[in-house]
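Down below is the structure, laid out as structure tokens.
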Amino acid sequence: MLSFTSHNPSTPQTILLIHSGFSTSSEWDQVLHHLTSEPHPYHVLVPDLPSHGTSLHLKPLSVYSTAYLLSQLIRDHAHGGTAHVVGASLGAHIAAQLAAHYPARVSSLFVTGFNIFAPNVLTPFLPPLVYFLLHTAELLSHPTEGMARLQRGEGSLDLCRDAVEMVVSARELERIDGDSVSALVVVAAAKEGLLLPAWDRQDDARRLLESVTRTGNGPAPASRAVLHRGVRHSWQIDEPELFARTVRAWIAGLELPVGFEDLD
Numbered sequence: 001m002l003s004f005t006s007h008n009p010s011t012p013q014t015i016l017l018i019h020s021g022f023s024t025s026s027e028w029d030q031v032l033h034h035l036t037s038e039p040h041p042y043h044v045l046v047p048d049l050p051s052h053g054t055s056l057h058l059k060p061l062s063v064y065s066t067a068y069l070l071s072q073l074i075r076d077h078a079h080g081g082t083a084h085v086v087g088a089s090l091g092a093h094i095a096a097q098l099a100a101h102y103p104a105r106v107s108s109l110f111v112t113g114f115n116i117f118a119p120n121v122l123t124p125f126l127p128p129l130v131y132f133l134l135h136t137a138e139l140l141s142h143p144t145e146g147m148a149r150l151q152r153g154e155g156s157l158d159l160c161r162d163a164v165e166m167v168v169s170a171r172e173l174e175r176i177d178g179d180s181v182s183a184l185v186v187v188a189a190a191k192e193g194l195l196l197p198a199w200d201r202q203d204d205a206r207r208l209l210e211s212v213t214r215t216g217n218g219p220a221p222a223s224r225a226v227l228h229r230g231v232r233h234s235w236q237i238d239e240p241e242l243f244a245r246t247v248r249a250w251i252a253g254l255e256l257p258v259g260f261e262d263l264d
């Protein structure tokens with residue numbers, strides 16, 4: 001079972017937050033503050049993904065098995081057995097799979113930072129490279145904490161393989177029932193920043209939106225892909241107040257905050 005925290009369980013609507021790779025549920029702390037505050041607080045479930053944080057014991061990290069575990073979490077702990085699902089970066093891949101396979105558990109879908117790359121001859125070398133860069137950066141910037149993470153087995157080579165397999169993949173995106181689930185796909189388009197990727201690939205967002213098929217016979221409003229030229233890939237961390245306002249607006253069916261534009 002995934003480790004998770006539950007906030008504001010007495011409020012009627014549930015949001016599930018799915019964090020990015022090589023992170024933990026603490027990534028959402030500032031966003032959580034805004035989503036659980038008055039005047040319209042939400043019930044929020046915040047899990048640690050397999051091989052991360054307090055779910056470190058669960059292995060492997062797979063888009064398929066993790067989507068199943070999250071569907072069980074929603075079934076057992078979300079109000080009415082459904083949740084508004086929010087996923088960032090690697091979490092966006094899992095959120096999309098969750099909506100595709102378990103639409104009855106997903107009230108709406110909000111994904112940001114969805115990038116998927118075609119494999120090539122260099123792909124087998126990526127996991128050790130990611131492992132080296134990840135831990136070198138941590139040991140140089142925070143030696144004590146970085147060593148402790150290594151000793152706990154966080155950011156393992158196996159996790160690097162699992163993460164690369166998820167985002168560097170030739171897999172077909174599975175169909176999402178757009179009559180049941182409305183999806184918002186956000187492209188962070190700011191070009192500045194030292195960390196890569198600082199911005200998202202628009203074609204990948206279009207591809208994900210195309211996987212949301214709709215006849216118009218269901219209750220869900222139309223899905224959208226939008227971009228914001230002022231935020232980076234990690235805007236859930238950089239701009240938590242804006243992120244939370246955007247989530248709230250999408251759930252409530254309101255206009256998105258200033259700065260968002262529909263993707264052509």
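Here the sequence shown stands for residues 1 to 264, where the numbers follow full-length UniProt numbering. Cβ coordinates follow ideal geometry from the N, Cα and C atoms, glycine included.
Quiz item: Are the Cβ atoms of P39 and L2 separated by less than 7 Å?
Solution: To locate residue 39, count along the sequence shown from 1; it is residue 39. To locate residue 2, count along the sequence shown from 1; it is residue 2. Annotated as distal: P39 and L2, with beta-carbon spacing of 7 Å or more.
Quiz item: What residue range is occupied by the uninterrupted alpha helix (DSSP H) comprising S71?
Solution: Residue mapping note: residue 71 aligns to position 71 of the sequence shown, counting from 1. S71 -> alpha helix (DSSP H) spans V63 to H77.
Practice problem: If I'm right that L184 touches F243 with Cβ under 8 Å, what's the distance once you round it to whole angstroms? | Solution: Here residue 184 refers to the residue found at position 184 when the sequence shown is read from its first residue. Here residue 243 refers to the residue found at position 243 when the sequence shown is read from its first residue. Taking the Cβ atoms as the reference, L184 lies roughly 12 Å from F243, outside the contact range of under 8 Å.
Quiz item: Among residues of its own chain, excluding the 5 on either side of L43, which ones have a beta-carbon nearer than 8 Å to its beta-carbon?
Solution: Residue 43 sits at position 43 when you count from the first residue of the sequence shown. This sequence places His at residue 43; Leu is not what is there. Cβ neighbours of H43 beyond the five flanking positions: S6, H7, N8, P9, S10, T11, P12, Q13, T14, I15, A78 and H79.
Quiz item: Who are the Cβ neighbours of T24 in its own chain at under 7 Å, not counting the five residues just before and after it?
Solution: Taking the sequence shown and counting its residues from 1, one reaches residue 24 at position 24. Cβ within range, chain order: D48, H52 and G53.
Quiz item: Going by DSSP, what residues sit across from R224 in a beta bridge?
Solution: Your numbering for residue 224 matches position 224 in the sequence shown. The partner list for R224 (beta bridge, DSSP) reads L184.
Quiz item: When every heavy atom of the ligand MN is checked, does at least one fall within less than 6 Å of the C-beta of L61?
Solution: Here there are no bound small molecules, and the ligand MN is not part of this structure.
Quiz item: Among P50, S108, V187 and E27, which has the Cα closest to the Cα of I176?
Solution: To locate residue 176, count along the sequence shown from 1; it is residue 176. Among P50, S108, V187 and E27, the Cα nearest to that of I176 belongs to S108.
Exercise. Specify whether the segment 91-101 and the segment 117-128 touch according to this definition: at least 3 beta carbon pairs, one from each stretch, less than 8 Å apart.
Key: By the Cβ test, the segment 91-101 is not in contact with the segment 117-128, since fewer than three Cβ pairs between them sit closer than 8 Å.
Quiz prompt | For T5, the first and last residue of its enclosing beta strand (DSSP E) | solution = Locating residue 5 in the sequence shown gives position 5, where the first residue counts as 1. Segment F4 to H7, the beta strand (DSSP E) holding T5.
Practice problem: Whole angstroms is fine: what's the gap from A189's alpha carbon to G259's? | Solution: As a first step, residue 189 is located in the sequence shown; it is residue number 189 there, counting from the start. As a first step, residue 259 is located in the sequence shown; it is residue number 259 there, counting from the start. Rounded to whole angstroms, A189 to G259 spans 11 Å at the Cα level.
Exercise. Look at the Cβ atom of L263, then the Cβ atom of A225, and state whether they are nearer than 7 Å.
Key: Your numbering for residue 263 matches position 263 in the sequence shown. Your numbering for residue 225 matches position 225 in the sequence shown. For L263 and A225, yes; Cβs fall inside 7 Å.
Quiz item: If you run the structure through DSSP and keep just helix, strand and coil, what is P47?
Solution: For the purposes of this step, residue 47 is taken as the residue at position 47 of the sequence shown. Strand.
Practice problem: Grab me the residues of M147's own chain with a C-beta within less than 8 Å of its C-beta, minus the 5 sequence neighbours each way, in chain order. | Solution: Here residue 147 refers to the residue found at position 147 of the sequence shown. Closer than 8 Å at Cβ, skipping near neighbours: L139.
Quiz item: Could you give the residue range of the alpha helix (DSSP H) that holds S108?
Solution: Numbered from its first residue, the sequence shown carries residue 108 at position 108. Taken as a continuous stretch (DSSP letters only), S108 belongs to no alpha helix (DSSP H), being part of the beta strand (DSSP E) at V106 to T112.
Quiz item: Which residue comes first and which comes last in the alpha helix (DSSP H) that contains A126?
Solution: For the purposes of this step, residue 126 is taken as the residue at position 126 of the sequence shown. Reading the sequence as shown, one finds Leu at residue 126 and not Ala. Here the alpha helix (DSSP H) through L126 covers L126 to S141.
Practice problem: For my contact list, V167 and H93 are in at a C-beta cut-off of 8 Å; report their separation, rounded to the angstrom. | Solution: Residue 167 sits at position 167 when you count from the first residue of the sequence shown. Residue 93 sits at position 93 when you count from the first residue of the sequence shown. About 7 Å separates the two Cβ atoms, so the contact holds.
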